[in-house]
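Read through the structure below, which is laid out as structure tokens, and then see the notes.
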Amino acid sequence: MAKALQEYGEQAKRWTETLKQYQQQLDHYQQQLIKIPRLDLGTSSMADNFAERPEDYGLEDDCPGAPKTGLAGVLQQFKSLAPNMNGNMVEEQMKVCTRMVLAKNAKYNESVRMLKRLIERNNKFKAIEAQRDLGGTSQGALAANDNEVQRFVAQNAMDLDYWNAQMTAYDSYIVGLKEDQSRLARKALDGDQNSWLKPLGQLVQAATLKAALSN
5 MAKALQEYGE QAKRWTETLK QYQQQLDHYQ QQLIKIPRLD LGTSSMADNF
55 AERPEDYGLE DDCPGAPKTG LAGVLQQFKS LAPNMNGNMV EEQMKVCTRM
105 VLAKNAKYNE SVRMLKRLIE RNNKFKAIEA QRDLGGTSQG ALAANDNEVQ
155 RFVAQNAMDL DYWNAQMTAY DSYIVGLKED QSRLARKALD GDQNSWLKPL
205 GQLVQAATLK AALSN
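The opening position of the sequence shown corresponds to residue 5 in the working numbering, with each subsequent residue numbered one higher.
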């Protein structure tokens, strides 16, 4: 996945370079009514080898016992993301684990959708190149085609920037969930005075201390 995205990022750079070359040629020949030849940059082969995952993919393996119903909208519940540190630690851990699985799958699926958009854009760019070949000596046609290339490159850059922002947001969200897991684990091990997990925490700590002393 990462390699494919890198390749498509390089293709986006080539599209930008093509625009610059077209603009340079247009400026050079604008006063001369001659046909501008299309640059032969080769064709980009983009294979659609990735499929989206179900939103609960891997849930049973990563979060054994987590319910698979009622998952819709979990990632959108931003007002209730913080775990209840005074609640049932097992239930809270399960909620955090479930959110993490959903977030990882959502991140993966966003990348798959981005790849599909880039493949579609690559096909559209071929149509723009064909349009340029038909421009002949018309300055108006060449200028119109140049505008299409500029719009194409700008839209592609905006989509890539948005996708990068999404990936950063998902990464930050997942890091936050991992921190929540650690807080809940420490809470369970400490077992505060009102927690039903206090005896378990004491047993775990005693076992850990015994193992450390035996080494």
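Glycine is no exception: its CB is placed at the ideal position from the N, C-alpha and C atoms.
Residue i in three-state terms, based on DSSP
i, result
"F54", "coil"
"E59", "coil"
"G91", "coil"
"C67", "coil"
"A131", "helix"
"A86", "coil"
"T22", "helix"
For residue i, the nearest candidate out of the options (CA to CA)
i, options, result
"E21", "D150, E96 and K191", "D150"
"P87", "D163, K182 and R117", "K182"
"A55", "Q159, M118 and N92", "M118"
"Y112", "K191, D66 and P58", "P58"
"A70", "N90, E95 and V179", "E95"
"K108", "A147, L63, R125 and K120", "L63"
"A192", "D66, N90, A145 and N126", "N90"
"Y177", "D66, D163, A158 and C101", "C101"
"R121", "A145, W167 and V105", "W167"
"A189", "A147, T172, A110 and M98", "M98"
"V105", "D184, Y61, A169 and A134", "Y61"
"E114", "Q159, M93, A134 and D175", "D175"
"N160", "N126, C67 and D65", "N126"
Contacts around residue i, its chain only, beta-carbon distance under 6 angstroms, and the 5 residues preceding and following it disregarded
i, result
"V116", "F54 and E56"
"N92", "none"
Neighbourhood of residue i by C-beta distance below 8 angstroms, restricted to the same chain and skipping five residues each side
i, result
"I132", "N149, E152, V153 and F156"
"M162", "none"
"M171", "K111, E114 and S115"
"Q35", "Bear in mind that a pLDDT of 48 at Q35, under 50, signals an unreliable position, so the number given afterwards is only what the model happens to contain. Answer for Q35: no residue qualifies."
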